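Everything below concerns the one structure shown next.
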C-alpha cells in the first residue's frame, strides 16, 4: 500500500502556515506583510465575507422597505409605509422624497458592494489564491509580492467606496448610468469616491488575474500537462484572462465619468455634447464578460467538489475545460443584450443571436456535471448539498436567461423584477452557493479543523428555502409588470413582495447558522485529516493545514486529477473515509523529496 | 429561414394561435401575466413566453429528475466502491451540443419575428410626441394640445392620463429633457428607452375589451368614481393601461407612472377638439392642472417642505433670495422663475428646478392658481378677475 509517510516532520520551517510567530503584535505584523498565498487567500476570504455581511445588511434593508407599498393618507396627507425613513428619524413625512432617497442609496450600496467587492473577487481571490499553487504543486503564485499588493489595493478600494456612505451615500445604482450619474449630487465628492473605489478595485482584479495566468503557465509541477490540471484551475485561468482583458475598459470608462463630473468634459452627458448610450456600451463591454468572471470560478468549484464528493472521474473533462474557454471568448461579444431597449433593431438582432451562443457551453457543462453523478459514489455532506443546490438554482438562472435573450419577450421583461430574479439565481444561486460549497469543501485544508456536518447541512437547507422564497416570487413580479429599482409599488404587487421579504429573513437565519458553525469549528473543531474527502488533486497531498511551503519536498504529478478508478488517493486511510482501495494499481500522487525516505 | 415580418397591415402577420394550444396555458397566462397581452405583438410574446416556459420546464424536470435519480441510486454505501464507468462518450456529447443549438436557433427566430412586429410601426400610424422628465411624462396630441387629465397611481395623487383612439395604429415619438427614462406599457409587453439626445419610437394598436369601463355620465357619478366629469366623454367606454418608468432616473423614479386610456375614435376626436380650445376653462383650473402634472413633485400647496418652496401663501410675500437680496413675489417674479429658474433662488434652496416650457395660457394659469393659495393673492385676484 502506498501513501505518503512524510506528514510528520519536525523541521520548524515546515510547520503549519497558521503557526503564530511570537506575540499578538508580531503575529499581526507577520500577516500584514506576508507574501504567502495561503495567508493572503485567508485574508481575502475574511475581507470578502465582511463585505458580504455589509452588502447583506443593505439587501435586508431594501427588502424590509418593500414589505408594504407606500401610500398617502387621504385625510392627513401623510406618507405611510416608508420604513427606512421612519427608522432614520424622518417623522410625519408629507413627501415620498426623503424615504425614496434612503431606499435608492440602499439598493446602490447593495449592488456596488455585492458586485465589485464580493462576487467578482469572491472565489478567485479567496479560494483561488489559497488553492491555485497547491493544486499546481507550486510553493506560491508567480508574483507573491504583487499578490499582497492586490490585497491592499482591494482593501483600499473598498474603503474608498464605502466611505461614500459616511458622506451620505450614492444613489446612482451600481451601473452608474449616465447622464444621471454625471449630474446627481452635483458638486459633492461622494459619487466620485464611489466611482474611484470601483476603479481602484479594478486594479486589484487585473493584478490578481495577471498573477494567476502566469502561475498557471509557469508553475505547474513536473509531469502536469494542461489536461492534468484540475477543472478549478481551468476555470480560474479562463476568468483570469477575462479579468486582464476586460477590466481596463471599465477602468477607462469610470475615469471618463470622473473627468465628466469633475472637469466638466462632455463625454456621456448630452448637455455637454456627449452620448449616454456610449456609456452603456463601454460599461457592458466590461460588465458582461465580468458576469463570467463571477460564474466561471464557481463552475470550477462545482466541477472539483462534484468529482471528489461523488468519487467519480468527471464526465467530459475536455468539454468542460474548453467550455470554460469558449464562454470566456463569447462573453466579449454579447454585451449588447443589456441594451435591447436602447439600441437599433439591427444591433439588437445581432446581439440576441450571439447571446444564444453563450447558452450552449453553459448547457454542456450542466450535462457533464449530471453525467458525472452517474454510477458515482455520492456522499451527502455540506459541500455536496451545496453543489446539488448549485445545479438546481443555476439551471433556473440559466433557463430564465432564454426569455431575456429572446427579443420579443425581453421587450417586456427588460428592467423588470424578472431580470432581478434571473441574475440573483445566477450570481447568488451560482457564485455564492458555489463559494459556500468551496468553503466547506476546503475548510479542513485551510484551517486544519472539521466543521459540524449536521449544522452545515441544516444551514444549507435553510438557505435553499429562503433563497427560493425570496427570488422565485420575483420572477412572477417581473412578468406581471413590476419594474426594478422602485422604492414603492402599486398595491397589486404586495402579496409577492411580502413573501419575498419573508424569504430574505429566512436567508439571514441560514447564513447565521453557517457563521456560528465556522466560529465553532475554529474554536473547538475536530482536527482535520490531510485528505478528509479522498480527493485526488495535489492540495490533498499537502498537510491540513499546509506547511508554509505547501509540500514536503517537490511534488510530481503522476496521474490525472480525477482518476478515482485507478489510483489510490493520497493519505489514503480507511479510518478517514470508508472506501476500499481501487481494484488495480495506479501510483498515488506523492511528494518526492530527496531528503525524505519515501 | 423565416423572412422578417414587417407588417403592412397589422392583422394576420403572426400566427399566435400556433403557440397557444395547450389547455393549461390559460392558467399560466393568468399566473404570469394577469391577463392576455392587449396588442397583437403582446399576445404573441405571451404565447412565446409560455412556449418557452414549457420548454424550460421540460429541460429542468428532465435534468433535475436525472440528478435526483442518480443521487438515490448511486449514494455512497459503506465498503462499496463506484463501478467503472465511461468518463466521456463522444456521440452523446455531440448530441447534447447540437440538439440544444438547433432549439436555440428556433427560439431566436421566434423572438426576432415578434420583435419586428413590436418595433416596426405601420406607415399610417398616428404620431404623438411624448416627453419624459424627472419625474413625470407629458404628451402632445397630434393637434398640438397637451394632455390634461390625471388619476392617482400608488403614492402619487395625480399621474397623467393620455387619451388614445382605440383600434388604430399609434406611434409615440419620445425624448427626454434630462436623464434616461424608459416607457413601459406592461399590458402591451413593450418598453423603449427614452433618451435625452435623440428620438426613440414605440408603437401599438389596441382595442377596447369586451368589458370596458365607462366615463361618468354626470357630475355626481363622477364624484363617486373619483374622476373628473367631462361632458364630451359622458358615458363613453374606455380601457386603461398603466405605464411605468423602467429606467432608473432618480428620487421619484417609482412614482413616474402614467395611464394610457383608449376610447373609440369618434369620442377621441371630440375630446381633442375640446382640449385644443379650452373655451371657458378658468385660468385657475389650468394652473392647478399644470401644478398637478409638472410642479407637484417639488412644490407643495399645503405649506409642507419639499425640494422647492411651498406655494402656500407664496404669492404676495416678500421673498428672501440666496444672494442676500429680497423682493416681492408678484406676477413678474413668478413668470421670471418659470422662464429662468436659476435667476433668483429663494434662500435655502438649490438650483434644482429644470426649465419646463409652458404656454402663455399655462403661465397665466399658474399665476392665477398661486393667487388662490395665498391670502394676499386672493385679494389681488379679484380685480384681475374683473378685468378678464
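Chains as they are written, first to last, in the numbering used here: chain R, 4 to 601; chain B, 5 to 392.
All residues carry an ideal CB built from backbone N, CA and C; glycine is no exception.
Because the structure is a prediction, the values reported are computed rather than measured.
- If you compare the alpha carbons of R:521, R:515 and R:480 with that of residue 501 (chain R), the shortest gap goes to R:480.
- One Cα belongs to residue 333 (chain B), the other to residue 125 (chain B), and the distance between them is close to 49 Å.
- The alpha-carbon of residue 268 (chain B) is positioned some 42 Å away from that of residue 402 (chain R).
- About 5 Å separates the beta carbons of residue 547 (chain R) and residue 533 (chain R), which is inside the 8 Å limit, making them a contact pair.
- With a beta-carbon spacing of about 7 Å, residue 174 (chain R) and residue 104 (chain R) fall inside the 8 Å limit used to define contacts.
- Inclusion of residue 371 (chain B) and residue 338 (chain B) in the CB contact set at 8 Å is warranted, their separation being smaller than that value.
- The segment 510-518 of chain R and the segment 464-480 of chain R touch, with three or more beta-carbon pairs separated by less than 8 Å.
- CA-to-CA, the gap between residue 341 (chain B) and residue 335 (chain B) works out to about 10 Å.
- Taking 4 residues as the minimum length, the alpha helix (DSSP H) runs contained wholly in the segment 146-232 of chain B are 223-229, in order along the chain.
- Proximity of chain B to residue 370 (chain R) at the Cβ level (cut-off 7 Å) is accounted for by 100, in chain order.
- Straight-line measurement puts the Cα of residue 248 (chain B) at about 27 Å from the Cα of residue 194 (chain R).
- Along the length of the segment 370-456 of chain R, whole beta strand (DSSP E) runs at least 3 residues long do not occur.
- Residue range 320-333 is occupied by the alpha helix (DSSP H) that includes residue 328 (chain R).
- When 7 Å is used as the limit between beta carbons, residue 488 (chain R) is near these residues of chain B: 252 and 257, in chain order.
- Residue-level contact check: residue 287 (chain B) does not touch chain R, since none of the beta carbons of chain R fall below 8 Å from its beta carbon.
- Boundaries of the beta strand (DSSP E) around residue 137 (chain B): 130-137.
- If only uninterrupted beta strand (DSSP E) runs of at least 3 residues are considered, none is enclosed by the segment 460-539 of chain R.
- Residue 28 (chain B) sits in coil when the DSSP states are folded into three classes, being neither helix nor strand.
- Beta-bridge annotation (DSSP): residue 74 (chain R) is paired with R:83.
- Note that the C-beta distance between residue 154 (chain B) and residue 179 (chain B) is not below 8 Å.
- Comparing alpha-carbon positions, the option among R:116, R:273, R:549 and R:541 lying closest to residue 531 (chain R) turns out to be R:549.
- For the segment 55-75 of chain B, the set of positions with a beta-carbon nearer than 7 Å to some beta-carbon of chain R reads 56, 60, 63, 64, 67, 68, 70, 71, 74 and 75 in chain order.
- About 6 Å separates the CB atoms of residue 54 (chain R) and residue 116 (chain R); that is less than 8 Å, so the two are in contact.
- Contact between residue 104 (chain B) and residue 363 (chain R) holds, since their C-beta atoms are separated by about 6 Å, short of 8 Å.
- Under the Cβ criterion (8 Å, minimum of three pairs), the segment 236-252 of chain R does not count as touching the segment 161-169 of chain B.
- Neighbourhood of residue 497 (chain R) in chain B, by CB distance below 8 Å: empty, with the nearest CB roughly 11 Å away.
- At a cut-off of 8 Å between beta-carbon atoms, residue 483 (chain R) makes contact with chain B.
- If you check each beta-carbon in the segment 46-80 of chain R against every beta-carbon of chain B, the ones closer than 8 Å belong to 72, 73, 74, 75 and 80.
- Around the beta-carbon of residue 343 (chain B), fewer than 16 other beta-carbon atoms lie within 10 Å, marking it exposed.
- Taking the CA atoms as reference points, residue 237 (chain R) sits about 14 Å from residue 221 (chain R).
- The beta-carbon of residue 314 (chain B) is placed no less than 8 Å from the nearest beta-carbon of chain R.
- In the DSSP assignment, residue 44 (chain B) falls within the alpha helix (DSSP H) that extends over 44-77.
- For the segment 347-370 of chain R, the residues whose beta carbon sits under 9 Å from a beta carbon of chain B are, in order, 348, 351, 352, 355, 356, 358, 359, 360, 362, 363, 364, 366, 367, 369 and 370.
- The three-state reading of DSSP puts residue 248 (chain B) in strand, counting E and B together.
- Bounds of the alpha helix (DSSP H) holding residue 113 (chain B) are 94-123.
- The Cβ-Cβ distance between residue 261 (chain B) and residue 207 (chain B) does not fall below 8 Å.
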